[in-house]
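*Asks:*
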């Protein structure tokens, strides 16, 4: 108000009237803002999600076995000479196991191809898939495909980061790894994608195992077992429990070309 008077030197009555009008405008603006927020479906959904934590947090995975629930997303990278620019990332929800599929365009059809080649053919048909609301996920083609395969497709609430926490974490790790393999850039990222995916899956520390060492991946009597597609690497090391249930687990390799178990070292 003081600044306003110094600028204009209006009379007291004029200044009081202007101040009163401004207060009324401010009150009306506050009411309008409150109404907009109250009527916003996205804000209401986010509030609901925060109240019902088991729906969006770790507890929702407890009922699933390995391979039955996945989170998926696309990341964008520099276009290659072959025209590839996107990577479909698919993360197994109970272990954090990552599968990747490079494509030239993020489309519903490429999403289906990636899921069939990297998830259904390798890990079995999932019960649940989670994604964002992008048109490459939310459309009639995806809905029909999911219904035909009896898959529950869940769309994340926009702007609610915890909902997509698993896939977002893997996206960040994958990009960091690709950049490191490219000498600080994304050069040759498609060539390095298999190795980068493997490195993400075998990450870990002294105190915490990576996805490749997770308990659900210890195959027991024919349960689903993950495999790796990567030039120069034949398969993935797993521990197989004896069918008798007695004795120490046998260490072996699951090959990407099939489910034949080969004991390590022969």
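Numbering (the UniProt record's numbering), first residue to last: 1 to 266. Glycine included, every Cβ here is placed at the ideal spot set by N, Cα and C. All values derive from a computational prediction rather than experimental measurement.
Would you report the Cα separation of residue 128 and residue 66, rounded to the nearest angstrom?
*Replies:* Position 128 of the chain shown, counted from the first residue, corresponds to residue 128. Position 66 of the chain shown, counted from the first residue, corresponds to residue 66. One C-alpha to the other measures close to 12 Å.
*Asks:* With 16 as the cutoff for other CB atoms within 10 Å, does residue 201 come out buried or exposed?
*Replies:* Taking the chain shown and counting its residues from 1, one reaches residue 201 at position 201. Looking at its Cβ environment, which holds 16 or more other Cβ atoms inside 10 Å, residue 201 is buried.
*Asks:* How many angstroms separate the CA atom of residue 196 from the CA atom of residue 105?
*Replies:* Position 196 of the chain shown holds residue 196. Position 105 of the chain shown holds residue 105. Answer to the nearest angstrom: the Cα atoms are 21 Å apart.
*Asks:* Could you tell me the distance, in whole angstroms, from the CA atom of residue 188 to the CA atom of residue 102?
*Replies:* In the chain shown, counting from the first residue as 1, residue 188 sits at position 188. In the chain shown, counting from the first residue as 1, residue 102 sits at position 102. Each residue's Cα considered, the two are about 13 Å apart.
*Asks:* Does DSSP classify residue 20 as helix, strand or coil?
*Replies:* The sequence position of residue 20 within the chain shown is 20, counting from 1. Residue 20 falls in the helix class under three-state DSSP.
*Asks:* With DSSP run on the structure shown, which of helix, strand or coil describes residue 127?
*Replies:* Position 127 of the chain shown, counted from the first residue, corresponds to residue 127. The answer is coil: DSSP assigns residue 127 none of H, G, I, E or B.
*Asks:* Please list, in chain order, all residues of the same chain as residue 139 whose beta carbon is under 8 Å from its beta carbon, the five residues on each side excluded.
*Replies:* On the chain shown, position 139 is the one that residue 139 refers to. Result list for residue 139: 108, in chain order.
*Asks:* Where does the unbroken beta strand (DSSP E) through residue 200 begin, and where does it stop?
*Replies:* Position 200 of the chain shown holds residue 200. First-last for residue 200: 189–201, but that is the alpha helix (DSSP H), not the beta strand (DSSP E).
*Asks:* On the DSSP letters alone, give me the boundaries of the alpha helix (DSSP H) that residue 167 sits inside.
*Replies:* Numbered from 1 along the chain shown, position 167 holds the residue referred to as residue 167. Note, residue 167: alpha helix (DSSP H), 165–181.
*Asks:* Express the C-alpha separation of residue 173 and residue 131 in angstroms, rounding to a whole number.
*Replies:* Stepping through the chain shown from its first residue, residue 131 is reached at position 131. Stepping through the chain shown from its first residue, residue 173 is reached at position 173. Each residue's alpha carbon lies about 18 Å from the other.
*Asks:* Roughly how many angstroms separate the alpha carbons of residue 97 and residue 178, rounded to a whole number?
*Replies:* The residue labelled residue 97 in the question sits at position 97 within the chain shown. The residue labelled residue 178 in the question sits at position 178 within the chain shown. Computed Cα separation, rounded: 17 Å.
*Asks:* So residue 88 is in the alpha helix (DSSP H); what residue range does that whole segment cover?
*Replies:* Here the question's residue 88 lines up with position 88 in the chain shown. Element bounds for residue 88: not the alpha helix (DSSP H) but the beta strand (DSSP E), 86–92.
*Asks:* Here's the rule I'm using: 16 or more other beta-carbon atoms within 10 Å means buried, otherwise exposed. How should residue 150 be labelled?
*Replies:* As a position in the chain shown, residue 150 is number 150, starting the count at 1. Exposed: under 16 other Cβ atoms inside 10 Å.
*Asks:* I need the straight-line Cα distance from residue 84 to residue 190, nearest angstrom please.
*Replies:* As a working mapping, residue 84 is identified with position 84 in the chain shown. As a working mapping, residue 190 is identified with position 190 in the chain shown. Approximately 8 Å, taken between the alpha carbons.
*Asks:* Quick one: using the 10 Å Cβ neighbour count with 16 as the cut-off for buried, is residue 99 buried or exposed?
*Replies:* As a working note, residue 99 is residue 99 in the chain shown. By the 10 Å Cβ count, residue 99 comes out buried.
*Asks:* Helix, strand or coil: how does DSSP classify residue 106 here?
*Replies:* As a working note, residue 106 is residue 106 in the chain shown. Residue 106 falls in the coil class under three-state DSSP.
*Asks:* Would you mind reading off the limits of the beta strand (DSSP E) that contains residue 142?
*Replies:* Residue mapping note: residue 142 aligns to position 142 of the chain shown, counting from 1. Here residue 142 belongs to no beta strand (DSSP E); instead the alpha helix (DSSP H) covers 140–148.
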